[in-house]
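UniProt numbering numbers the first residue of the sequence shown as 1 and each following residue consecutively. Glycine included, every Cβ here is placed at the ideal spot set by N, Cα and C. Everything on this sheet refers to the single structure shown next.
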Amino acid sequence: MTAYYETNPDSHFYAYMQDKSVEQSLSTDEKTERKMEAINTLAIWGLENMEFTPDEQNYLIYAFINDLDSDVVLNKLLENRESQ
């Protein structure tokens with residue numbers, strides 16, 4: 001099985017990255033395509049001086065692959081930033 005992102009048990013996002021029902025229904029090609037979309041998005045945001053921790057990057061890849069609502073993802077990212 002190919003790993004598309006890492007899960008860190010010590011990460012703020014770990015608890016939010018447990019439901020993989022959408023991911024499990026996708027083909028390998030679909031998961032790879034979604035991961036690449038996430039990486040491209042991270043690169044674009046990086047050009048705009050938005051930096052992400054490795055845990056945030058993995059959460060964003062997870063979110064793209066698993067069709068999470070963008071509002072939910074943004075709220076989790078903001079919660080993480082506020083807790084640091």
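*Selection from 4, 28, 22 that minimises the alpha carbon distance to residue 69*: 22
*For the stretch 29 to 43 against the stretch 70 to 83, are there 3 or more C-beta pairs whose distance is under 8 Å?*
no
*Unbroken beta strand (DSSP E) runs of length 3 or more, entirely within the stretch 31 to 64: which are they?*
none
*According to DSSP, is residue 6 helix, strand or coil?*
coil
_DSSP three-state label for residue 74, please._
helix
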